[in-house]
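Colleague:
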Amino acid sequence: MGFFRKRYKKALLTKENQETQESVSLENTINQFRECSDLVHNALPELQVEYLYIENLVNEQKVKEYLVEPFDTIKFPDVSLILTEKRYKKTADSRSLYKGILNGEAAIFFKDEAYLVNLFGPETRPVNESGTETVITGPHESFNESAGQNISLLRRRIKSSHLKVYKVSVGKVTLTDVYLLYLENVANKDFVEKVKQRVESVETDGIFESTMLVQMIEENPYSFFPQFLTTERPDTASSKILEGKIVGITDGSPSAFIAPTSFFEFFNSPEDYYQRWAVATALRILRYSAFFITVFFTAFYVAVITFHYEMIPRTLLSTLLESRSRVPFPPLIEALVMEFTIELLREAGARLPTKIGQTIGIVGGIVIGQSAVQAGFTSNILIIAVAISAIASFVIPNYIMSASIRLVRFGLIILAGIWGNYGIILGIGLVLVHLSGMTNLGSSYLIPIAPISTADMKDILIRAPFSKLKTRPYQAQTRNPYRQKKK
Amino acid sequence: MDTPKKISEIQTAAVVISSIIGVGVLPLPLFAVKAGNTAAPIVTLIGITISLFALLIITKLGMTHPTKTIIGYSEEILGKWLARFCNIIVILFFALLTGLGAREFGAVVITAILRETPIEVTVIVMLLLAAITSRNDLNIFAYIHTFYLPVILSPVVIIVVLSLKNANFLYLQPLLGGDMGDMFKGSLTIAALCQWSFVLTIIIPSMLQPKRAMKACTAGLLIAGVILFMLVVASLAVFGAEETKKLLWPTLELARTTSLPGNILQRLDVVFLAVWVTAVFTTLFSGYTFTCYALTGIFRLSDHKIFSFSLLPIIFLFSMLPGNLLQMYKTIEVVGRMGLILTIVYPCLLLVIDVIRRKRGKRSAAAKT
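In order, the protein sequence lines correspond to chains A and B. Using my numbering, you'd call the opening residue of the first sequence number 7 and step up by one each time. Using my numbering, you'd call the opening residue of the second sequence number 124 and step up by one each time.
#1: Report yes if the C-beta distance between A/Gly426 and B/Leu237 is below 8 Å; otherwise report no.
#2: Between A/Val74, A/Tyr121, A/Asn109 and A/Val301, which has its C-alpha nearest A/Lys95's C-alpha?
#3: Could you round the C-beta distance between B/Thr190 and B/Pro328 to whole angstroms and report it? I think they count as a contact, below 8 Å.
#4: Which of the residues in the segment 262-295 of chain B, read from start to end, lie with their CB under 7 Å from any CB of chain A?
#5: Residues in the same chain with beta-carbon distance under 6 Å from B/Gly484, minus the five sequence neighbours each way, listed in chain order, please.
#6: Using a 10 Å radius around the Cβ and a threshold of 16 neighbouring Cβ atoms, would you call B/Arg486 buried or exposed?
#7: What residues of chain A sit near B/Asn259, judged by a beta carbon separation below 8 Å?
#8: Going by other Cβ atoms of all chains shown within 10 Å of its Cβ, with 16 needed for buried, is B/Lys157 buried or exposed?
#9: How should A/Gln380 be labelled, buried or exposed, when 16 other C-beta atoms within 10 angstroms of its C-beta is the threshold for buried?
#10: Between the segment 270-280 of chain A and the segment 400-416 of chain A, can you find at least three pairs of beta-carbon atoms closer than 8 Å?
#11: So with CB distances below 9 Å, who are the chain E contacts of A/Pro457?
#12: Contact criterion: CB-CB distance below 8 Å. Does B/Met124 meet it with respect to chain A?
#13: Label A/Glu75 either buried or exposed according to how many other C-beta atoms from any shown protein chain fall within 10 Å of its C-beta, with 16 as the threshold for buried.
#14: Taking only beta carbons into account, state which residues of the segment 413-429 of chain A come closer than 7 Å to chain B, listed in chain order.
#15: DSSP three-state label for A/Glu524, please.
#16: Taking A/Leu219 as the reference, which of A/Ala409, A/Tyr279, A/Val253 and A/Pro128 has the closest Cα?
#17: Inspect the CB distances between the segment 452-471 of chain B and the segment 221-236 of chain B and report whether three or more fall short of 8 Å.
#18: Where does the unbroken alpha helix (DSSP H) through A/Leu63 begin, and where does it stop?
#19: Taking the beta carbon of A/His47 as the centre, do at least 16 other beta carbons fall within 10 Å, making it buried, or is it exposed?
#20: Who are the near neighbours of B/Ile180 in its chain, counting only those whose CB is closer than 8 Å to its CB and skipping five residues on each side?
#21: Just the C-alpha distance for A/Gly8 and B/Phe154, rounded to the nearest angstrom, thanks.
#22: Considering only C-alpha positions, which residue in the set B/Phe432, B/Ala265, B/Lys288 and B/Pro278 is nearest to B/Leu351?
#23: Using the C-alpha atoms, what's the distance from A/Lys246 back to A/Pro471?
#24: Which residues of the segment 300-330 of chain A have a Cβ closer than 7 Å to any Cβ of chain B? Give them in chain order.
#25: Considering only the alpha carbon of each residue, which of A/Pro128, A/Leu248 and A/Ala393 lies closest to A/Lys68?
#26: With 16 as the cutoff for other CB atoms within 10 Å, does A/Thr484 come out buried or exposed?
#27: Please report the Cβ distance between A/Asn150 and A/Arg131, rounded to the nearest whole angstrom; I am assuming they are in contact, meaning their Cβ atoms lie under 8 Å.
#28: What's the C-alpha gap between B/Val356 and B/Ala402?
#29: Quick check: A/Leu160 and A/Ser244, are their CB atoms within less than 8 Å of each other?
#30: Does B/Leu434 get closer than 8 Å to chain A when you measure Cβ to Cβ?
#31: Go to A/Glu199, then tell me how far its alpha helix (DSSP H) extends in each direction, as first and last residue.
#32: With three or more beta-carbon pairs closer than 8 Å as the criterion, would you say the segment 458-467 of chain A touches the segment 417-436 of chain A?
#33: Quick one: does B/Val231 have its CB under 8 Å from some CB of chain A?
#34: Does the beta-carbon of B/Leu440 have 16 or more other beta-carbons within 10 angstroms, so that it is buried, or is it exposed?
#35: Any idea what DSSP makes of B/Phe321, helix, strand or coil?
#36: Do A/Gly258 and A/Thr210 count as a contact pair if the criterion is CB distance below 8 Å?
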């Protein structure tokens, strides 16, 4: 069945591609854009010039400068002279003509010929502070939805002619521009080729976000875990470019993706480099412990309460039993209900407008927290466990990774409820095996732990002083592994 | 079997260590003490030396044939059919060893943690995990071992260090003692616990630099040996020879007597057991992978994945052979010691024949010219 469906799909796609190759003419173009009320059609009869553009894609200033003023002052014989200017590109192919119009260019028809001039300049959002990756010290700029602006943010940071910006159009209908940025003299050629080729071979009608594109080009699409780091911060992106990685920017998306990425990079924040090394190292350790707490804490609670009472210190045991004694459910159910509630609160908080968001805080904090215990619904130690692991999950700087980890945690809690500690270890075993098997552009996902690379550990597990960070990460397999001169 | 040659020396050492440290850690002090009373540390040392010797032979063989696994070079040395016969016995032995390992694991789990779970379930779950994991290639095999290494080493070290509080070093004396024959037999049993490192015979061809295998293996075995030795010394020093003999799993009891400073957890044995599950997993994973890859080599197949699940029922059957715990340990001791013939004598023979043939080859080549 799948085979036939594929074939059918292919037939459809080729049909779409075979849009009749028409000759370049005004009538055909107008016909192509019929019922598009935003198409502006102007004629200058004395010059025998007609032009078309889409109103909402162009900048008024540019229209004036390139279209209105040049043709305003001249006489008929000068038209062909003006059209030889470089910004007017002669186009003989109807498809690229249509594409040009859709990209915010104006099509100028003179005699039998068509010219395109770029007037693109829609409204963009100003550069704002990042909503998801905030820092206290360090630059506050973040990417926005305009790819041009994003590239300018990066170009301003890396003033090197080696920084290449390779453009690919993705999506059969949306024709979204994706830009791949890398340092030509540093980045690994194979990786660059791989990313280019994968982005080019994406078959879909449209993409709107880098995080969406990333899922189409990664090697393990069925995995729970994100495989390419995405960031909204130009400083992070440019530091990754310097490391010899490839940064992809999608037009219309405020996030850039970074390839290749290792699992541990998701736990680094740009602020680690703006803080002093000792503080940054402590923060990294804090984040990794937060990761362990998120993954294990509730599961461990369930395992201990269900199977391994003997592990609890004697003094704690009495308080725990007292608070558990009024709870009618087994620990597994109790924990799942609480975790579910926390997830509800989180999702509600994320979707609600900020003004109502405070209500959620009050409802969550007081009603669910305190009343649930008083009503004998859960034990207060479980509430502590669930709350701590929820807080810890937000310490992980990357939102996509923290969401994946929260999901994995549910599996572990269930396993812990069935087989106790043994279940937790089995679950972790499965996750680890899965992670070890994952590749990222052909390199391991768990670098620098497996395979061991001590040079990278200095910059991933801890943050050594800058004088010690002399090499680029091993995972990027750069052509020039030294950042600083070897002494 | 076209795995990229990427396994580094550190990874090879990690494979050796985490393959050796496994199910056997729990009853190890018992085996040692039963054989040599207070001379248990010496018994352990002899056992480790024997397995070091075996490992060196395997490594030597692997290094002289750096592109082939044991399946490949044994056929070259012994001839196709004889080698196949021997290799099939080796494979059967490893399937049996993996099965018994899983069974021993199951026995510990149902006695110490999950008392109401049927042993079949724990055994099957463990074997399933090993089977799923063995579908990956050797490179990932090495990654997993490297990743788990600190998890395996740290708790053993912590428990040994913490148990020093209760140690009485008088229990270690006299250093020598006991019957020589028993001691030798005991050290063979201990050497048998280390024979999981035989998995090296399929790892060496996938190493980045097979020439450095010798250093990696020696380092790996020495680290594992030190760990095992420390465990035996610690349990002997804490319990004494007579008490240790009465304990089924002295290492577990050792974990039970220790507690973390600061009263964070009342008892450590449950945590220790949980970590021990990891150690068992890596060990069984080694055995399973060896069986899969060796079978693939014998049948000249390109993909080992078909064996990862088809082996499961056979290995499960093997694991259900012993009737009860005591029978199981008897079987393990006997099978382990018999296995030494396969993991030590067989490679020895291969090496000797190989050396002789090479010399002859050279001589005949010299005679021709």
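Idealized CB from N, CA, C, for every residue including glycine.
Modeller: Considering the structure as presented:
#1: B/Leu237 sits close to A/Gly426, with the two beta carbons spaced by under 8 Å.
#2: Among A/Val74, A/Tyr121, A/Asn109 and A/Val301, the Cα nearest to that of A/Lys95 is on A/Tyr121.
#3: B/Thr190 to B/Pro328, Cβ: 6 Å. Contact.
#4: Ile263, Tyr266, Ile267, Thr269 and Phe270
#5: none
#6: Result: exposed.
#7: Val439, Ser442 and Gly443
#8: In this structure B/Lys157 is buried. Its beta-carbon is surrounded by 16 or more other beta-carbon atoms within 10 angstroms.
#9: That one is exposed.
#10: yes
#11: Structure shown: chain E not included; protein chains present are A and B.
#12: Low local confidence applies: a pLDDT of 42 at B/Met124 is under 50, so the model's placement there is unreliable, with the coordinate-based value given in what follows. With 8 Å as the cut-off, B/Met124 does not count as an interface residue toward chain A.
#13: exposed
#14: Trp425, Gly426, Asn427 and Tyr428
#15: With chain A covering only 7 through 493, there is no way to say anything about residue 524 of chain A.
#16: A/Val253
#17: yes
#18: Run containing A/Leu63: none; DSSP gives neither H nor E here.
#19: That one is exposed.
#20: For B/Ile180, the CB contacts under 8 Å within the same chain, skipping 5 residues up- and downstream, are Ile467, Pro470, Cys471 and Leu474 in chain order.
#21: Reliability of the predicted coordinates at A/Gly8 is poor, the pLDDT of 48 falling under 50, and the value obtained from them is presented with this limitation in mind. Between A/Gly8 and B/Phe154, the C-alpha separation is close to 59 Å.
#22: Ranking the options by Cα distance to B/Leu351, first place goes to B/Pro278.
#23: 18 Å
#24: Phe313, His314, Glu316, Met317, Ile318, Pro319 and Arg320
#25: A/Pro128
#26: buried
#27: 5 Å
#28: One C-alpha to the other measures close to 20 Å.
#29: yes
#30: no
#31: Lys195 to Glu206
#32: Taking one beta carbon from each stretch, the segment 458-467 of chain A and the segment 417-436 of chain A have fewer than 3 pairs nearer than 8 Å; the two do not touch.
#33: no
#34: exposed
#35: helix
#36: no
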